[in-house]
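Each remark here refers to the structure printed beneath this line.
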Amino acid sequence: MAPVAAPQLAKPKPGTFGHLFNLPPFSPPSAALVDLGSPAGPMFDLNAPENNNPNREPAGFTYLGQFIDHDMTLDRRPLQDAPVPLSELENSREPNLNLDSVYGGGPVANPELYDAQGRIRLSADGRDLQRRPDGSAVLFEGRNDENMVVAQVHVAIARFHNAMIDRGMNFAQARQATILHYQWVILHDFLPRFVGQANVTAAVKGELGIYDVDNPNKKVMPVEYSVAAYRFGHSMVRRAYALGAAQAAFVQVFSPDGNDLRGGRPIPAANIIQWSNFFDIPGTSNPQPPVNVSRKVDTLLSSGLFTLPPIAIPSGGAAVLAQRNLIRGKSYGLPSGQAVARELGLTPLSNDQIGLTDPRFGGEAPLWYYVLAEAQVTQNGARLGPMGAAIVADVTVGLLKKDKTGLLHGDNKAFKPITGPGFRMGDFLKIAGVAS
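Note that the numbering used here numbers the sequence shown so that position 196 is 230, with each residue one more than the last.
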């Protein structure tokens, strides 16, 4: 496998991470966190069905969510299990969902990304990222080549921009049109599925009162969101996906033999996505529900995520994904899930209710684990529970509000997409020319 090229980074912004709540950190023994997130622990799910989300949410939203994460935060701090002063953290992404992960600094600052007309460069057939001879992608945000699904989400965003150029727009107009349609999808398609329309509406009106957009003393990127609540998508990842024709063999996210969806290499023809397997595509000649349905939002992670290569930590040993999330939450001083629930005026779930029986946790739960468990207990895993949904809704909408040229600011509040107010991700993919 070709090496993944190091991403070109925006100018880091120290001190942009902070806390939503003035609550004491939850600091259970690190050994308890390691055991909870271990491949031998209670979060490992070897045999659960893949298509088990009660709402049958199309699995494409799992990877759109990953793309959105890459578009708003990049914390390069190495994993450690010692406390981390948040004032030292640097965010190398613009957090206001303005696609800087795709556009970088534009044609002047990053000419390698563009052709002479301002189109974003892709592979010769337009179905893969632009790549170097060694197979690594030419990207501003290198994580968008982590796997072949998120890489093709990036391709779709780029092709939407190029379609706007082909419609006669200049670069600035095409970028603005692409950003507004992307933000529309986040606000009207992605968020309502996982937090509920009532929370989205309340966040837009400023009624939730969690993320204070206008307070200059509040940090832009709260760690309760970026390190815990927004990571609900990890539980939605399936072990394998059908990529091409509906009856094609399923491809694993990670397989020791390398026949999987790892990125950093050209996408084989057999792994080019037929997007109707991942999203509802309107107006298709043979409409059918997507083959790939996401897993529940719950405390069980697919076996594929436990076989991803672990990351070493300075105190010794190595951490798989679940352990990394739990350890990072402790080192960044996150409060417990129950403490946050009480702060929001909710009746917290007990550890017995959420299946956390280890006495070393002292009756409280790590915030990330609690968000997942709350979704399972209160919503049967169909979407986030009341605490997780409120945090994800208010912060995500707040980040949209912070974009002074975005959908929720000024004249853009009256913006209507190309196909009208019913515009959804399937329409985005059709206009991008990757779905029909």
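All C-beta atoms in this analysis are idealised placements derived from N, C-alpha and C, irrespective of residue type, glycine included.
In the structure shown, valine 327 adopts extended strand secondary structure according to DSSP, grouped into three states.
Taking every protein chain shown into account, the CB of glutamate 146 has fewer than 16 other CB atoms within 10 angstroms, so this residue is exposed. Secondary structure note for phenylalanine 205: it is in no beta strand (DSSP E), and the uninterrupted alpha helix (DSSP H) holding it is 205 to 219. The C-beta of asparagine 125 has 16 or more other C-beta atoms within 10 Å across all chains shown, which makes the residue buried. Residue burial is scored here from C-beta neighbours: phenylalanine 312 has at least 16 other C-beta atoms within 10 angstroms and is therefore classed as buried. Between glycine 422 and alanine 263, the gap from beta carbon to beta carbon is short of 8 Å. For phenylalanine 224, there is no enclosing beta strand (DSSP E), since its DSSP letter is neither H nor E. When the alpha-carbon of arginine 296 is set against those of Ser370, Thr341, Gly278 and Phe395, the nearest one is in Thr341. Judged by DSSP in its simplified three-state form, alanine 82 adopts coil rather than helix or strand.
When the five nearest sequence neighbours on each side are left out, the beta carbons in the same chain lying within less than 8 Å of the beta carbon of lysine 364 are those of Pro59, Phe60, Ser61, Pro62, Ser64, Leu67, Asp115 and Pro400, in order along the chain. In the structure shown, serine 289 falls within a coil segment according to DSSP collapsed to helix, strand and coil. Of the residues assessed, phenylalanine 284 falls on the exposed side of the cut-off, its CB having fewer than 16 other CB atoms within 10 angstroms.
Counting the other Cβ atoms within 10 Å of the Cβ of lysine 464 gives 16 or more, which makes it buried. Cβ-Cβ distances below 8 Å link lysine 436 to Pro129, Asn130, Val247 and Val254 in the same chain, with the five nearest sequence neighbours on each side left out; the list follows chain order.
Taken through DSSP and simplified to helix, strand or coil, arginine 265 comes out as helix. Under the Cβ criterion (8 Å, minimum of three pairs), the segment 183 to 193 counts as touching the segment 145 to 163. For alanine 274, the enclosing beta strand (DSSP E) covers residues 274 to 276. Note: aspartate 294 is bridge-paired with Gln286 in the DSSP secondary-structure output. If one requires a minimum length of 4 residues, the alpha helix (DSSP H) runs lying completely within the segment 336 to 389 are 337 to 340, 355 to 365 and 371 to 377, in chain order. The C-beta distance from phenylalanine 55 to valine 429 rounds to 12 Å, too long to fall under 8 Å, and the pair is not in contact. When DSSP states are grouped into helix, strand and coil, glutamate 124 belongs to the strand group.
Counting of Cβ neighbours within 10 angstroms places proline 455 among the exposed residues, the total staying below 16. Annotated three-state conformation of isoleucine 154 is strand, per DSSP.
For alanine 427 against glycine 419, the beta-carbon gap comes to about 12 Å, at or over 8 Å, which does not count as contact. Nearest Cα to alanine 276 within the set Ala346, Leu70 and Pro92: Pro92. Remark: C-beta atoms of alanine 303 and glycine 467 do not approach each other more closely than 8 Å. Listed in chain order, the non-local C-beta contacts of valine 184 below 7 Å within the same chain comprise Tyr97, Gln100, Phe101 and Asn178, local neighbours out to five positions each way being set aside. Cβ-Cβ separation between alanine 469 and isoleucine 315: approximately 5 Å, consistent with a contact (criterion under 8 Å). Looking at the DSSP output, proline 400 shares a beta bridge with Ser370.
A Cβ-Cβ distance of about 5 Å is found for the pair glutamine 186 and isoleucine 307, placing them in contact under the 8 Å criterion.
With contacts defined as CB atoms closer than 8 Å, isoleucine 244 and isoleucine 425 qualify as a contacting pair.
Going by DSSP, lysine 239 is part of no alpha helix (DSSP H) at all; its letter is neither H nor E. Collapsing the DSSP output to three states places glycine 176 in a helix. Where lysine 436 is concerned, the enclosing alpha helix (DSSP H) starts and stops at 420 to 436. Where glutamine 100 is concerned, the enclosing alpha helix (DSSP H) starts and stops at 94 to 106. Counted as a single uninterrupted DSSP element, the alpha helix (DSSP H) harbouring serine 135 occupies residues 134 to 137.
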